[in-house]
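*Asks:* The listed protein sequences derive, respectively, from chains A and B. Offset between the first sequence (1-based) and this note's numbering: plus 137. Offset between the second sequence (1-based) and this note's numbering: plus 11.
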Amino acid sequence: MTTTTSTTTTTLTLNESWLSRRNAFDWVFALLVLAGGLFAFVRYAHAMDVYEKVILLGTMPAAIWLGWFWRPLAVLGLVVAGASLLGIASYQGDLGRADTVFWLKYFLSSQSAILWMSVLFFMSTVFYWLGFFGGSQSDALEALGSRIAWTAVALALTGTMVRWYESHLLGPDIGHIPVSNLYEVFVLFCWITTLFYLYYESRYGTRTLGAFVMLVVSAAVGFLLWYTLVRDAHQIQPLVPALQSWWMKLHVPANFIGYGTFALSAMVAFAYLIKQQAGETRWYRLTPIWLLGVALCFVPVAFRQRAQEAGGSYWVVYAAISALIAAGILLGRKRIAARLPAPQVLDDVMYKAIAVGFAFFTIATVLGALWAADAWGGYWSWDPKETWALIVWLNYAAWLHMRLVKGLRGTVAAWWALAGLAVTTFAFLGVNMFLSGLHSYGTL
Amino acid sequence: MSVSTHGLRVHRGPHAWRVAVELFSSMRFAIALLTVICIASIIGTVLKQGEPGANYVNQFGPFWSQVFRAAQLDSVYSAWWFLLILLFLVVSTSLCIWRNTPHIVRELRTVKEDIRVNSLRAFSQRAETTLQGEAPEAAARRIGQLLAGGGWKVKLQQRELAEGAAGWMVAARAGGAHKLGYLAAHSAIVLVCLGGLFDGDLVVRAQTWLNGKSVYQGGGLIADVPPQHRLSPANPTFRGNILVPEGQQASVAILNQSDGVLLQELPFSIELKKFIVDYYSTGMPKLFASEVVLHDRETGEQVPARIEVNHPASYKGVEIYQSSFDDGGSSVKLKAVPMGAAAKPFEIEGTIGSSARITNGSDALTLEFTALRVINVENFGSPQGGSAVDVRKVDLRQQLESRLGAAHKSGQEKELRNIGPSIGYKLRDAAGQAREFQNYMVPVDTGDGVPVYLLGVRERPEEPFRYLRVPADDQGSMDGFIRMRAALADGALRGKAVDQYIARVADSKRPELAEQLRVSATRALALFAGSERARADATSQGGWQAIAEFMEANVPEGERERAGSVLVRILNDVLFEVLNLSRQQAGLAPLPADEKSQTFLTQAVLAISDAYFYPAPVAMMLEDFKQVQASVFQVARAPGKNIVYLGCLLLIIGIFAMLYVRERRLWVWLAPAAAQPGASSATMAMSVNRKNLDNDREFEQLERKLLAIHKESAP
Chain A
138 MTTTTSTTTT TLTLNESWLS RRNAFDWVFA LLVLAGGLFA FVRYAHAMDV YEKVILLGTM
198 PAAIWLGWFW RPLAVLGLVV AGASLLGIAS YQGDLGRADT VFWLKYFLSS QSAILWMSVL
258 FFMSTVFYWL GFFGGSQSDA LEALGSRIAW TAVALALTGT MVRWYESHLL GPDIGHIPVS
318 NLYEVFVLFC WITTLFYLYY ESRYGTRTLG AFVMLVVSAA VGFLLWYTLV RDAHQIQPLV
378 PALQSWWMKL HVPANFIGYG TFALSAMVAF AYLIKQQAGE TRWYRLTPIW LLGVALCFVP
438 VAFRQRAQEA GGSYWVVYAA ISALIAAGIL LGRKRIAARL PAPQVLDDVM YKAIAVGFAF
498 FTIATVLGAL WAADAWGGYW SWDPKETWAL IVWLNYAAWL HMRLVKGLRG TVAAWWALAG
558 LAVTTFAFLG VNMFLSGLHS YGTL
Chain B
12 MSVSTHGLRV HRGPHAWRVA VELFSSMRFA IALLTVICIA SIIGTVLKQG EPGANYVNQF
72 GPFWSQVFRA AQLDSVYSAW WFLLILLFLV VSTSLCIWRN TPHIVRELRT VKEDIRVNSL
132 RAFSQRAETT LQGEAPEAAA RRIGQLLAGG GWKVKLQQRE LAEGAAGWMV AARAGGAHKL
192 GYLAAHSAIV LVCLGGLFDG DLVVRAQTWL NGKSVYQGGG LIADVPPQHR LSPANPTFRG
252 NILVPEGQQA SVAILNQSDG VLLQELPFSI ELKKFIVDYY STGMPKLFAS EVVLHDRETG
312 EQVPARIEVN HPASYKGVEI YQSSFDDGGS SVKLKAVPMG AAAKPFEIEG TIGSSARITN
372 GSDALTLEFT ALRVINVENF GSPQGGSAVD VRKVDLRQQL ESRLGAAHKS GQEKELRNIG
432 PSIGYKLRDA AGQAREFQNY MVPVDTGDGV PVYLLGVRER PEEPFRYLRV PADDQGSMDG
492 FIRMRAALAD GALRGKAVDQ YIARVADSKR PELAEQLRVS ATRALALFAG SERARADATS
552 QGGWQAIAEF MEANVPEGER ERAGSVLVRI LNDVLFEVLN LSRQQAGLAP LPADEKSQTF
612 LTQAVLAISD AYFYPAPVAM MLEDFKQVQA SVFQVARAPG KNIVYLGCLL LIIGIFAMLY
672 VRERRLWVWL APAAAQPGAS SATMAMSVNR KNLDNDREFE QLERKLLAIH KESAP
């Protein structure tokens with residue numbers, strides 16, 4: 138260490154090169170990705186147009202980069218690939234086997250995997266919350282929550298992959314990537330949000346935020362279950378002509394990276410506000426919790442026109458659970474705040490999430506414009522969904538401006554991020570429910 | 012703070028001018044504009060855009076609809092004030108770039124090696140140490156090289172110190188892309204707005220102001236529209252629609268304006284060879300495609316092309332998109348089936364979109380042929396998922412099982428069937444009131460046991476169709492029903508039917524009972540046929556409702572149920588005689604008294620009863636048709652597109668650069684250590700344009716690598 142001769146000077150570099158940090162696992166992963174990708178390319182090239190080929194080829198380096206960037210992703214990728222291939226192999230080209238083969242029926246077929254995912258996301262949320270009140274066991278409980286969340290993500294991805302295959306089994310003209318309707322994108326939302334959270338969890342070394350982030354994921358899962366059980370929305374539907382485009386493979390996931398990270402940042406902002414107001418005894422200063430409670434209880438109102446149909450009671454239960462959670466947070470706020478990381482860390486996670494979300498939301502909106510130019514004849518037609526995407530974009534652009542230029546942070550930034558969730562949710566769901574337009578694929 | 016948010020400060024001109032320039036180029040002004048754009052956009056999504064004025068009056072009343080029109084809230088996105096705000100945004104952002112560019116360029120050139128040593132102590136990220144056995148110059152060269160190898164821009168400066176010794180200042184800068192990102196993202200906003208404004212309808216509107224063009228408000232044929240409403244093929248930017256029927260050509264697009272239309276001449280004409288629409292088995296559309304030939308109007312060149320959704324064609328800078336489809340004037344042959352007693356059957360031919368007058372003595376109706384649909388896929392699945400399921404049963408296991416497995420199953424099974432062509436038409440009376448009808452060409456088995464013709468009717472477009480279900484007879488036609496209706500209207504035939512009925516069922520030994528039965532049967536049949544009113548103020552004209560009204564008026568409540576069932580049975584039997592008499596008249600064999608005949612009778616009787624509510628004297632049945640489809644294309648010339656796309660690219664690059672590249676400046680001051688010859692004392696400081704936790708990490712790494720300082724917290 139103390140040698141300062143010129144020989145060491147020349148060999149030392151400021152940043153180790155990226156490739157030199159690769160270990161054997163990284164290279165094995167890269168090889169597997171390349172092998173799998175090229176196999177798919179050779180085998181299915183005849184069924185793809187040139188853009189789809191480019192996307193497939195581009196996916197390979199992207200997957201390798203992601204796996205190298207954060208190794209757990211590589212493990213996840215391999216597990217999902219293995220499970221999906223097992224599922225696909227078990228089908229042997231016959232959809233009916235989903236009801237007869239044990240593995241398919243209870244684990245690997247898309248619906249089973251997604252139902253398991255739902256259960257695991259709920260369990261993960263519970264364990265994360267138990268972490269706040271678990272005393273000496275807190276760390277173990279949170280670690281368990283984290284592992285369950287990983288498993289849920291793996292199942293969500295497996296379910297998605299198998300669903301993709303199932304759609305092709307339904308008919309050669311029906312097969313498509315499962316990001317085409319509200320049901321499918323809700324699954325996408327759940328795993329993307331969780332995955333981003335898990336990344337920040339490992340990067341900042343704190344698991345306490347999981348309780349908050351998994352709340353929003355659980356809410357999404359709650360909606361997903363209602364959508365499946367009451368609305369039967371899980372059936373694979375063929376694509377209308379406007380959706381038959383390779384743009385969908387890029388536009389939708391990019392959008393949901395945005396939605397997911399915006400939701401994540403809002404939940405971190407919520408944690409920030411709890412931390413700040415932990416010592417508060419005046420009830421009117423506890424507004425964020427009150428607001429959350431009120432907002433959650435109002436969700437059923439949005440669905441009230443459908444209250445007559447079966448499943449109306451579903452939303453009553455939903456509201457009751459939300460009220461219980463809000464009350465729980467209210468009662469345990471001191472203990473929760475004590476376990477939450479420092480405000481600077483919360484602030485940093487909030488910023489990071491919004492930054493990545495904003496960047497991808499920009500890409501998604503631009504891709505959407507390019508697609509619209511092909512499908513609807515104009516890159517911008519002030520469709521309600523487009524307009525609301527613009528509003529969401531402007532909202533976060535203003536947030537980032539205020540933070541980066543004016544140094545805005547703390548309570549105001551947190552409130553703003555929380556309000557951002559309301560805007561995002563309206564753009565995501567509200568537009569589909571209350572406004573009509575060209576983006577009618579996700580109607581409720 | 013590296014980028015200023017204040018406005019541009021000009022030093023010349025009057026005070027007001029200077030204030031205005033400062034305001035326009037400040038960030039607060041831009042943010043205020045964006046807020047207004049946000050609010051206006053929200054209004055635009057909530058308030059339906061581009062509807063006819065009457066709709067707003069209906070929805071909001073005359074006062075507010077006036078206000079909305081005055082503020083152009085019915086077309087927010089092309090309102091003058093909205094465009095003006097966009098223009099201001101362009102100006103403001105341009106000024107912002109103009110103001111900051113020189114500053115950024117200056118910053119990019121320098122590493123600020125002339126910084127005073129004392130000012131390093133003011134930085135929050137600062138480290139001091141003594142480098143053992145390394146003279147300042149050697150240390151400076153080592154550090155400089157390391158930094159340069161790590162992508163920093165480095166300068167070394169030797170400074171003379173008091174005692175003839177020399178100190179070395181290493182100044183370095185990294186992450187200059189951040190500032191370039193700022194420029195890229197902000198110029199992107201300008202480019203996108205300018206491109207968008209150019210592609211909007213500003214150019215078209217300018218032609219109405221400057222070029223003597225005016226909006227056309229009349230109707231009629233396109234060819235008859237005078238030239239002042241036509242825009243030249245050289246028009247640089249437009250967006251319009253064009254309808255081309257199969258086998259025909261069109262070369263004039265229609266640009267919808269808020270108060271009328273403008274016609275856009277295209278440099279080519281589009282000939283539609285064939286319009287293809289393809290469906291999935293669920294009835295969802297799978298493919299819309301048009302096979303066209305583009306005829307160049309100058310050179311006469313012919314270019315074949317296929318236009319699909321998501322696959323537009325492009326010719327001479329004009330993009331052609333598949334936008335929708337319509338009827339291109341299909342010809343249909345309809346047969347009028349009498350629904351009122353006075354009507355007579357007749358046949359009529361017409362084309363979709365045209366109208367005809369039909370008269371029936373006193374009243375005349377206008378028949379408008381509105382839609383021919385060749386394929387109608389409907390869901391015949393039972394909503395409860397099987398008739399034998401007890402709906403009270405909470406079968407969680409079955410609920411769950413039906414949702415496990417592959418995603419092709421559903422709890423509610425659907426049965427989708429194509430039920431064949433249908434004709435949609437309107438009947439408009441002398442007062443201008445219209446009712447809509449939709450009749451299916453072939454009978455459909457909807458689960459009644461006998462195929463039925465569906466005759467739909469609705470009063471208003473927002474209502475669903477209500478269907479009269481007319482059973483098909485053993486020949487599969489509506490004639491059986493029509494004959495029976497006619498027979499029922501015939502008093503003599505009714506009497507004959509009652510006679511036959513009495514002869515069949517009455518006990519010849521008890522004539523007084525037979526007489527009683529005859530009276531009841533005659534009465535019931537007359538009521539049903541509508542020839543006798545149930546009571547003086549009866550609302551019904553016949554059918555089961557007349558029977559019900561009669562019972563209400565004449566039978567005490569306690570006995571109604573029993574008397575009713577007797578009456579229904581009698582009536583059913585008599586109506587069966589009517590049915591067979593009507594067949595006999597037409598020279599057909601009578602129907603046997605079996606279950607099949609009974610099903611037909613039940614349906615026919617129901618249909619006759621319901622037909623009293625049918626609001627038209629005739630139902631028009633589709634006899635024959637020849638479908639001609641038309642394709643609706645959107646044609647657009649949008650040269651601003653490329654500018655917008657360039658802007659989008661810059662925007663993405665700029666945002667990534669701004670968010671993920673941190674601009675850092677680093678200084679290391681190396682002076683001979685006071686007490687130890689050969690060693691140097693090092694002071695390192697870093698400034699970053701934004702504060703976050705990454706900076707602390709990086710600074711710790713630099714301390715370790717450059718100055719060999721090891722913090723305990725470092726991983």
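The C-beta atom is built at its ideal place from N, Cα and C for all residues, glycine as well.
Note down, in chain order, all residues in the stretch 377 to 395 of chain A with a beta-carbon under 7 Å from any beta-carbon belonging to chain B.
*Replies:* Within the stretch 377 to 395 of chain A, the qualifying residues are V377, P378, A379, Q381 and S382.
*Asks:* Would you say B:L592 and B:L504 are within 9 Å of each other, going by their C-beta atoms?
*Replies:* In the second sequence, residue 592 of chain B corresponds to position 581, counting from 1. In the second sequence, residue 504 of chain B corresponds to position 493, counting from 1. Going by C-beta atoms, B:L592 is nearer than 9 Å to B:L504.
*Asks:* Kindly confirm or deny that the stretch 247 to 254 of chain B and the stretch 641 to 649 of chain B touch, where touching means at least three C-beta pairs closer than 8 Å.
*Replies:* Yes, the stretch 247 to 254 of chain B is in contact with the stretch 641 to 649 of chain B.
*Asks:* Strictly under 9 Å for the Cβ-Cβ distance: is A:G515 near chain B by that measure?
*Replies:* Looking up residue 515 of chain A in the first sequence gives position 378. At least one chain B Cβ lies under 9 Å of A:G515.
*Asks:* What is the rounded straight-line gap between the Cα of A:G547 and the Cα of B:K702?
*Replies:* For the purposes of this step, residue 547 of chain A is taken as the residue at position 410 of the first sequence. For the purposes of this step, residue 702 of chain B is taken as the residue at position 691 of the second sequence. Each residue's Cα considered, the two are about 13 Å apart.
*Asks:* Terminal residues of the continuous alpha helix (DSSP H) containing A:M539?
*Replies:* The sequence position of residue 539 of chain A within the first sequence is 402, counting from 1. P521 to L541 is the extent of the alpha helix (DSSP H) around A:M539.
*Asks:* To the nearest angstrom, report how far apart A:A356 and B:V57 are at their CA atoms.
*Replies:* Position 219 of the first sequence, counted from the first residue, corresponds to residue 356 of chain A. Position 46 of the second sequence, counted from the first residue, corresponds to residue 57 of chain B. Each residue's Cα considered, the two are about 27 Å apart.
*Asks:* Going by CA-CA distance only, name the one from A:F407, A:V299 and A:I528 that's closest to A:F565.
*Replies:* Against the first sequence, residue 565 of chain A aligns to sequence position 428. Taking only the C-alpha atoms, the option nearest A:F565 is A:I528.
*Asks:* Determine the closest residue to B:F93 out of B:V47, B:A138 and B:L119, with distance taken between C-alpha atoms.
*Replies:* As a working mapping, residue 93 of chain B is identified with position 82 in the second sequence. Of B:V47, B:A138 and B:L119, the residue nearest in Cα terms is B:V47.
*Asks:* Return no unless some Cβ of chain B is closer than 9 Å to the Cβ of A:F323.
*Replies:* Mapped onto the first sequence, residue 323 of chain A falls at position 186. False, the Cβ-Cβ gap to chain B never drops below 9 Å.
*Asks:* Can you check whether the C-beta of B:A647 is within less than 9 Å of a C-beta belonging to chain A?
*Replies:* Within the second sequence, residue 647 of chain B is the residue found at index 636, counting from 1. By this cut-off, B:A647 is an interface position.
*Asks:* By Cβ distance below 7 Å, which residues in the same chain neighbour B:Y512 in space, the five residues on each side in sequence not counted?
*Replies:* By 1-based counting over the second sequence, the position of residue 512 of chain B is 501. Contacts found: A532, D584, V585 and E588.
*Asks:* So which residues on chain A does B:I42 lean against when the C-beta distance must stay under 9 Å?
*Replies:* Locating residue 42 of chain B in the second sequence gives position 31, where the first residue counts as 1. Chain A residues near B:I42: A535, H538 and M539.
*Asks:* Name the residue from A:T288, A:T398, A:M539 and A:R470 whose alpha carbon lies nearest to the alpha carbon of A:W420.
*Replies:* Taking the first sequence and counting its residues from 1, one reaches residue 420 of chain A at position 283. Comparing Cα-Cα distances from A:W420 to each of A:T288, A:T398, A:M539 and A:R470, the minimum goes to A:R470.
*Asks:* Of the choices B:H22, B:I654 and B:L499, whose alpha-carbon is the least far from that of B:Y623?
*Replies:* Here residue 623 of chain B refers to the residue found at position 612 when the second sequence is read from its first residue. The candidate whose alpha carbon is nearest that of B:Y623 is B:L499.
*Asks:* Using alpha carbons as the reference points, say which of B:G569, B:A537 and B:Q168 lies closest to B:G554.
*Replies:* Reading the second sequence from its first residue, position 543 is the one you call residue 554 of chain B. With distances taken between Cα atoms, B:G554 lies closest to B:A537.
*Asks:* Once you ignore the five residues that flank B:A682 on each side, which residues in its own chain have a CB closer than 7 Å to its CB?
*Replies:* As a working mapping, residue 682 of chain B is identified with position 671 in the second sequence. So the qualifying residues of the chain are P147, L172, G178, S691 and S692.
*Asks:* My assumption, with CB atoms under 8 Å, is that B:Y436 sits in contact with B:M631. Please give the rounded CB distance.
*Replies:* Taking the first residue of the second sequence as position 1, residue 436 of chain B is located at position 425. Taking the first residue of the second sequence as position 1, residue 631 of chain B is located at position 620. Between B:M631 and B:Y436 the Cβ distance is about 6 Å, and since that is below 8 Å, they are a contact.
*Asks:* For a contact meaning CB atoms closer than 8 Å, what does A:T499 contact in chain B?
*Replies:* For this step, residue 499 of chain A is matched to residue 362 along the first sequence. Per Cβ cutoff of 8 Å: L662, I663 and I666.
*Asks:* Could you name the residues of the same chain whose beta carbon sits closer than 6 Å to that of B:R403, not counting the 5 residues immediately before and after it, in chain order?
*Replies:* Position 392 of the second sequence, counting from 1, holds the residue named residue 403 of chain B. Summary for B:R403: the model assigns pLDDT 41, below 50, so the residue's position carries little reliability; its value from the coordinates is reported in the next sentence. Correct list: empty, nothing qualifies.
*Asks:* How long is the line joining the alpha carbons of B:V226 and B:S335, rounded to whole angstroms?
*Replies:* Looking up residue 226 of chain B in the second sequence gives position 215. Looking up residue 335 of chain B in the second sequence gives position 324. If you take the alpha carbons of B:V226 and B:S335, they lie about 24 Å apart.
*Asks:* Identify which residue in A:F259, A:L175, A:F399 and A:G282 has its Cα closest to the Cα of A:T343.
*Replies:* As a first step, residue 343 of chain A must be located in the first sequence, where it is residue number 206. For the residues A:F259, A:L175, A:F399 and A:G282, the minimum Cα distance to A:T343 belongs to A:G282.
*Asks:* Which residues of chain A have a Cβ atom closer than 9 Å to the Cβ of B:I53, listed in chain order?
*Replies:* By 1-based counting over the second sequence, the position of residue 53 of chain B is 42. Within 9 Å Cβ-Cβ: T524, W525 and I528.
*Asks:* Can you give the Cα-Cα distance for B:Y656 and A:A415, rounded to whole angstroms?
*Replies:* Walking along the second sequence from the start, residue 656 of chain B turns up at place 645. Walking along the first sequence from the start, residue 415 of chain A turns up at place 278. Distance between the alpha carbons of B:Y656 and A:A415: 48 Å.
*Asks:* Is B:Q527 near the ligand MN, with its Cβ less than 8 Å from a heavy atom?
*Replies:* Among the components of this structure there are no ligands whatsoever, and the ligand MN is therefore not found.
*Asks:* As a quick exercise: from B:A441, B:E473, B:R480 and B:F476, pick the residue whose alpha carbon is nearest that of B:D456.
*Replies:* Mapped onto the second sequence, residue 456 of chain B falls at position 445. Residue B:R480 is the option with its Cα nearest to B:D456.
*Asks:* Suppose you measure from the CA of B:V10 to the CA of B:V214; what does that come to, to the nearest Å?
*Replies:* Given a span of 12 to 726 for chain B in the structure shown, any question on residue 10 of chain B remains unanswerable.
*Asks:* Can you name the residues of chain E whose CB is closer than 9 Å to the CB of A:F495?
*Replies:* Chain labels in this structure do not include chain E; the protein chains are A and B.
*Asks:* What is the DSSP secondary structure of B:K164, reduced to helix, strand or coil?
*Replies:* Along the second sequence, read from residue 1 onward, the residue named residue 164 of chain B stands at position 153. B:K164: strand per DSSP, three-state reduction.
*Asks:* Does any residue of chain A have a CB that is nearer than 9 Å to the CB of B:P323?
*Replies:* Indexing the second sequence from 1 puts residue 323 of chain B at position 312. True, the Cβ-Cβ gap to chain A drops below 9 Å.
*Asks:* Using 9 Å as the threshold, is the C-beta distance between A:M260 and A:F349 below it?
*Replies:* Against the first sequence, residue 260 of chain A aligns to sequence position 123. Against the first sequence, residue 349 of chain A aligns to sequence position 212. Not a contact, by the Cβ cut-off of 9 Å.
*Asks:* Suppose contacts are defined by Cβ-Cβ distances below 9 Å. Is B:E674 in contact with B:G155 by that definition?
*Replies:* Here the question's residue 674 of chain B lines up with position 663 in the second sequence. Here the question's residue 155 of chain B lines up with position 144 in the second sequence. No, they are not a contact pair.
*Asks:* Does DSSP put A:V454 in a helix, a strand or coil?
*Replies:* Residue mapping note: residue 454 of chain A aligns to position 317 of the first sequence, counting from 1. Three-state DSSP puts A:V454 in a helix.
*Asks:* Please check if any C-beta of chain A sits within less than 9 Å of the C-beta of B:R80.
*Replies:* Position 69 of the second sequence holds residue 80 of chain B. No, no contact with chain A.
*Asks:* Please list the partners that A:P375 has in chain B, where partner means a Cβ-to-Cβ separation under 8 Å.
*Replies:* Within the first sequence, the letter at position 238 stands for residue 375 of chain A. Chain B residues near A:P375: Y291, T293, M295 and K297.
*Asks:* Answer yes or no: does any C-beta atom of chain A fall closer than 9 Å to that of B:V57?
*Replies:* Translated into the one-based positions of the second sequence, residue 57 of chain B becomes position 46. Chain A, which has a Cβ nearer than 9 Å to the Cβ of B:V57, makes this yes.
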